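> Protein chains in written order, with full-length UniProt numbering: chain A, 1 to 120; chain B, 1 to 120. For every residue, glycine included, the Cβ atom is placed at its ideal position computed from N, Cα and C. Computed from a predicted model, the values in this text were never measured in an experiment. Here it is: the structure, laid out below.
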DNA sequence: GTTTCGTTCAACCATACGGGTGAATAACCT
DNA sequence: AGGTTATTCACCCGTATGGTTGAACGAAAC
């Protein structure tokens, strides 16, 4: 009874995991530099097998970082950098939470200082 | 000939892998919200074991996302959001590469148009 | 001096991941 | 028809990862 029905990894995790691999990042860079390319052409630029690259591209596709335009057997892979915005947004949220806390701390300190000034 | 002498994982990969786990992101959020905390306190907020949280924190520490101030047995863990800037910078680089390519494309098209105008 | 506390270390387990090889698919080109 | 081309699919393999439990450490408190 394994009961692990977790086929719902949040998109942010999928995205970050996709970018966490050096080869995949290199693929993204290549696509950004040279525009849409076929799977085989991409694979030709790396020392890994075509098969491995195909799998990497599927991961990137699943994360929304690339799209595929299939002109029959030629699959044109295109980068979609907008997707990275999701990560940016998470960072921004985290930083805002952090800033809020610091502001609250500042307020608390200011209040203490006022108190001090008051009855000193 | 696997030639695996040294993993030498680049810092960006370490960083992205560290943020790619939901529990670790939750830990970062918690620290941003409530400030530095002890390992045990952090673990108390999750349904995983203290041990697992300890390991997560080590991963975050190794990535430079948190620092540890050990006051003997109490390890105060503090978030360091500046480290995320490294990821931001990689994104920016990628986007700039992308933009450059589009500019080059634009130029090429403009040149073609000029050519057309010229000898028409 | 024994207990308590906060944390890590050491095994161990199951699953995920990255990579490799070989077969399958499906249209185009002789 | 037979071969080439572009890509995925189906396995197999080694290692990494996240989790668990239990022991160890070392000072502080009793």
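When the Cα atoms are used, what is the spatial distance from residue 73 of chain B to residue 70 of chain A?
Cα-Cα distance, rounded: 59 Å.
> Can you tell which of B/21, B/47, B/78 has the C-alpha that lies nearest to the C-alpha of residue 98 of chain A?
Nearest option by C-alpha distance: B/78.
> In the UniProt domain "HTH arsR-type" (4 to 109) of chain B, which residue ranges form an unbroken alpha helix (DSSP H) of at least 4 residues, counting only runs that do not cross its ends?
As far as the UniProt domain "HTH arsR-type" (4 to 109) of chain B is concerned, its whole alpha helix (DSSP H) runs of at least 4 residues are 11 to 19, 22 to 34, 39 to 44, 50 to 63.
> I want to see whether chain A comes within less than 8 Å of residue 64 of chain B, judged by CB atoms only; does it?
Not one chain A Cβ lies under 8 Å of residue 64 of chain B.
> Whose Cβ in chain A lies nearer than 8 Å to the Cβ of residue 46 of chain B?
Going along chain A, no residue has its Cβ under 8 Å from residue 46 of chain B, so there is no contact; the nearest lies around 16 Å.
> Rounded to the nearest angstrom, what separates residue 107 of chain A and residue 52 of chain B at their Cα positions?
Their backbone Cα atoms lie some 36 Å apart in a straight line.
> Would a check of beta-carbon distances place residue 55 of chain B closer than 8 Å to chain A?
Taking Cβ atoms only, chain A never reaches closer than 8 Å to residue 55 of chain B, which makes this a no.
> Is it the case that the Cβ atoms of residue 10 of chain A and residue 22 of chain B are separated by a distance below 8 Å?
In contact: residue 10 of chain A and residue 22 of chain B (Cβ atoms closer than 8 Å).
> With three or more beta-carbon pairs closer than 8 Å as the criterion, would you say the stretch 36 to 54 of chain B touches the stretch 50 to 67 of chain A?
Output reads no: the stretch 50 to 67 of chain A does not touch the stretch 36 to 54 of chain B.
> Pull up the distance between the alpha-carbon of residue 88 of chain A and that of residue 18 of chain A, whole angstroms please.
Straight-line Cα distance between these residues: approximately 15 Å.
> Using CA atoms only, rank isn't needed, just tell me which of B/30, B/24, B/96 is closest to residue 54 of chain B.
For the residues B/30, B/24, B/96, the minimum Cα distance to residue 54 of chain B belongs to B/24.
> To the nearest angstrom, report how far apart residue 37 of chain A and residue 50 of chain A are at their CA atoms.
For residue 37 of chain A and residue 50 of chain A, the distance between alpha carbons rounds to 14 Å.
> Quick one: residues in its chain with C-beta nearer than 8 Å to the C-beta of residue 83 of chain A, no 5 flanking neighbours on either side, listed in chain order?
So the list reads 15, 63, 64, 65, once near-sequence residues are dropped.
> Any beta-carbon of chain A closer than 8 Å to the one on residue 22 of chain B?
So, interface residue.
> Is the beta carbon of residue 81 of chain B sitting closer than 8 Å to the one on residue 32 of chain B?
Closer than 8 Å, so yes.
> Would you mind telling me which residues of chain A sit closer than 7 Å to residue 16 of chain B, beta carbon to beta carbon, in chain order?
In chain order: 16, 19, 20.
> Here's the rule I'm using: 16 or more other beta-carbon atoms within 10 Å means buried, otherwise exposed. How should residue 105 of chain A be labelled?
So residue 105 of chain A ends up on the exposed side.
> Measure the alpha-carbon distance for residue 96 of chain A versus residue 109 of chain B and round it to whole angstroms.
Taking the straight line from one Cα to the other gives about 43 Å.
> Starting from residue 10 of chain A, find everything on chain B with Cβ-Cβ shorter than 9 Å and list it in chain order.
Simply 22.
> Can you list the residues of chain B that residue 97 of chain A reaches, using a CB-CB cut of under 9 Å?
Within chain B, the residues near residue 97 of chain A are 29, 32, 33.
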